[in-house]
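In the order they appear, the protein sequences are chains A and B. Under my numbering, residue 310 is the last one in the first sequence; the count climbs by one each step, no gaps. Under my numbering, residue 242 is the last one in the second sequence; the count climbs by one each step, no gaps. By construction, the Cβ of each residue, glycine as well, lies at the ideal position given by its N, Cα and C atoms. One structure below.
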Amino acid sequence: MKQKLTYTLVLCLLVLVGCTASDGECRKEKVVVMGVSLYKTVFNTEKEAFVSSPTKEKMTIKGLNNDSILYQEQSLSTFNLPLHALQSTSAFVLQRGVLEPDTIVISHENVNQFISLECGCFVYHTIQGATTTTHQIDSLVIENTYVQNVSENHLRIYYRVN
Amino acid sequence: MNYLKRYIVVNLLLCVVIGVLSSQEKVAVSAQKDSTQIYNGWSAHVDIASPLMGLAIDKGVLTGEASVDVNLSNRFFPILEMGYGTVNSQVTNGSTYSASAPFVRLGMNFNLLKSKDKNGNLTPHRNYAYLGMRYGMSLVNYQLTNVPITRGYWNENQLLSLDGKNAYAGWGELVAGVRVDMAKGFTMGWSVRMKLFLHTSLDEKQLLWYVPGYGNSSGNTFTLNYTLGYTYYTKAERSKFKK
Chain A
149 MKQKLTYTLV
159 LCLLVLVGCT
169 ASDGECRKEK
179 VVVMGVSLYK
189 TVFNTEKEAF
199 VSSPTKEKMT
209 IKGLNNDSIL
219 YQEQSLSTFN
229 LPLHALQSTS
239 AFVLQRGVLE
249 PDTIVISHEN
259 VNQFISLECG
269 CFVYHTIQGA
279 TTTTHQIDSL
289 VIENTYVQNV
299 SENHLRIYYR
309 VN
Chain B
0 MNYLKRYIVV
10 NLLLCVVIGV
20 LSSQEKVAVS
30 AQKDSTQIYN
40 GWSAHVDIAS
50 PLMGLAIDKG
60 VLTGEASVDV
70 NLSNRFFPIL
80 EMGYGTVNSQ
90 VTNGSTYSAS
100 APFVRLGMNF
110 NLLKSKDKNG
120 NLTPHRNYAY
130 LGMRYGMSLV
140 NYQLTNVPIT
150 RGYWNENQLL
160 SLDGKNAYAG
170 WGELVAGVRV
180 DMAKGFTMGW
190 SVRMKLFLHT
200 SLDEKQLLWY
210 VPGYGNSSGN
220 TFTLNYTLGY
230 TYYTKAERSK
240 FKK
C-alpha cells in the first residue's frame, strides 16, 4: 500500500513537472506610454476660490514635427502619449476644438530594460519636467514620474474655461 | 508545439517508470536482520539525454554532464553533478543570445522503496525509485546582440548589444526518477527535474536568458535526464544479493 502511494506520488510529480513547462512566448505588455488626464479650472463664487474637476474635451493630438495624428477630434478625458525612446525631450501639439493649439514639452530620462530574448528591450522613462504654452492650457502637474508598461496616469493638464 | 513535445516526453517517461517499477526484482534475503553498515558503494553516470535533446529539440543548445553519487544505507544518495553547456540562439526579431558555462549541482537522492519487510528483514533493491533535491550553480559568460529598441510612432529604431563575464547563477531543483541495474554493475537511470531560478549576481536576472545547467531563466524549467553508468557495490552489499 505504501509503495503504491509512493509510485503515485512520483507519477503525480512527473505530470506536474510537465504541466509547468514554459512555451517561450512573450506575454508582457509591450506598450510604454505616458498617461494624461484633462482637468478644467473654474472660479467658484461660493467658495471664492479656483476649483478643478475632470473634463472631457474634443481633442486633436499629434507629436511635434510628426505628421501622424494620435487622436483626431476625439472626445477625451484621458489619453496616452508615446515618449521618444532615443531622445530626452518629447513634444506634443494639443488642440482643443478649433481653438489655438498648445504645445507641451516633456523632458525625460530613458532607461533601457532588457526583458527577454523573445520580448526584446523596453524603454521606460522618468519624467524630469513638463512645460506648456498657455493659449488654452492653464498649467501642468506631474502626477507620477515613472513611465513603464502599465496603465497609469502621469500628467494632469488643467484647461481654462472659456 | 513545445507543450505537445513535453507532454509526449512526459508520457513516454511515465510508461518507462511504470514498466520498471512493475518488473522490479526484489531479492529476498533470508532472515538477515538490520545491518549497521552505512557506506554501500558508489555510482558514476553520464547523461545521454541532454546532448540528444539539444540536437533534436533545442538546436542551439549543447550540454554534457556527468554525476557521481554515494550509497549510504541504501536510502540516502549524496550526489555531485558537473557539466558544461553552450547556447547560441536566435529569435524571430533577430536578437541572438550566446553563452557558455560550466555548472555544478550538489544534492541528495532519497530511495523511496521499503528497505525492510514486515518481519524486519532487509529487502535490498538494485532498482529503485527516488526523489531528490539539488542546488545548482554556474558562472556564465553571455552575449546578447541585435536586441531591437523601437518606438513606432517616432520611427525610432536601434539595435542594442550587451555582454558580461562570470555572472553567477544559482537555482534549486526537485528530481524524481528511477535507477535500474542492467548487468554486472552497469546501471541506467531516468529522471525528470523541475527547476526554480533562485538568484544571480546581476541586477537584472533576465540578462541571463539561458543558463547552462538550468535552462531558460524566465520561469521554472523542466528537463529530462537519461543516464548510463557503473555502480560499485561494497563486498558486504554484494553478499546481500547472493542467494
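Distance check for residue j and residue i, CA to CA, integer angstroms please.
i      : j      : result
A169/A : F221/B : Any answer about A169/A is weak, because its pLDDT of 43 lies below 50 and its placement is not dependable; what the coordinates show is given next. Rounded to the nearest angstrom, the two C-alpha atoms are 6 Å apart.
I252/A : Q142/B : 40 Å
I47/B  : I290/A : 59 Å
M96/B  : A182/B : According to the sequence as given, residue 96/B is Tyr; it is not Met. Approximately 43 Å, taken between the alpha carbons.
F198/A : I217/A : 33 Å
L197/B : K210/A : 45 Å
F76/B  : D202/B : 35 Å
E155/B : A233/A : 7 Å
G212/B : Y152/B : 41 Å
Y294/A : V309/A : 30 Å
V217/B : Y209/B : Looking at the sequence provided, one finds Ser at residue 217/B rather than Val. Their Cα atoms are separated by approximately 8 Å.
L206/B : S99/B  : 14 Å
S223/A : E257/A : 31 Å
D68/B  : S200/B : 29 Å
N219/B : V259/A : 27 Å
E196/A : Y306/A : 19 Å
L61/B  : L54/B  : 7 Å
L173/B : K194/B : 7 Å
K192/B : A235/B : Before going further, note that residue 192/B is Arg rather than Lys in the sequence given. Approximately 33 Å, taken between the alpha carbons.
A135/B : R104/B : Ala is not the amino acid found at residue 135/B; the sequence shown has Gly there. Each residue's alpha carbon lies about 4 Å from the other.
G119/B : S72/B  : 15 Å
F240/A : V181/A : 13 Å
So, does the CB of residue i fall closer than 8 Å to a CB anywhere in chain A?
i      : result
E80/B  : no
L54/B  : no
P147/B : yes
N108/B : no
R150/B : yes
S137/B : no
Q205/B : yes
Q142/B : no
W170/B : no
S88/B  : yes
L159/B : yes
N118/B : no
Kindly indicate which three-state DSSP category residue i falls into: helix, strand or coil?
i      : result
Q205/B : helix
P249/A : coil
Y134/B : strand
S217/B : coil
R244/A : strand
P211/B : coil
P101/B : strand
K234/B : helix
S255/A : strand
S236/A : coil
P230/A : coil
G151/B : helix
K115/B : strand
L227/B : strand
G82/B  : strand
If you measure from the beta carbon of residue i to each beta carbon in chain B, is any gap under 8 Å?
i      : result
I263/A : yes
N214/A : yes
V298/A : no
N315/A : Lying outside 149 to 310, the shown extent of chain A, residue 315/A is not represented and no answer is given.
Y294/A : no
G268/A : yes
V271/A : yes
Based on the DSSP secondary-structure assignment, which residues constitute the bridge partners of residue i?
i      : result
N165/B : Partner(s): none; N165/B has no beta bridge.
Q276/A : Bridge partners of Q276/A: none, in fact.
G171/B : Y134/B and L195/B
D180/B : T186/B
Q142/B : S97/B and D162/B
K206/A : S223/A
R308/A : T189/A
For this session: Could you tell me whether the stretch 142 to 162 of chain B touches the stretch 110 to 117 of chain B, where touching means 3 or more Cβ pairs closer than 8 Å?
Result: no
For this session: Check whether the stretch 259 to 269 of chain A touches the stretch 243 to 251 of chain A, taking contact to mean three or more Cβ pairs, one atom from each stretch, closer than 8 Å.
Result: With the cut-off at 8 Å, the stretch 259 to 269 of chain A and the stretch 243 to 251 of chain A do not touch.
Exercise. Do the stretch 224 to 238 of chain A and the stretch 181 to 192 of chain A touch if we need at least three Cβ pairs shorter than 8 Å?
Worked result: Cβ pair count under 8 Å is three or more, so yes.
Problem set entry | Stretch-stretch touch, CB-based, cutoff 8 Å, three pairs: the stretch 177 to 190 of chain B with the stretch 219 to 235 of chain B | yes
Exercise. For the stretch 123 to 139 of chain B against the stretch 189 to 205 of chain A, are there 3 or more C-beta pairs whose distance is under 8 Å?
Worked result: no
For this session: Residues of the stretch 178 to 195 of chain A with a CB closer than 9 Å to any CB of chain D: list them in chain order, please.
Result: As a matter of chain content, chain D is missing from the structure shown, whose protein chains are A and B.
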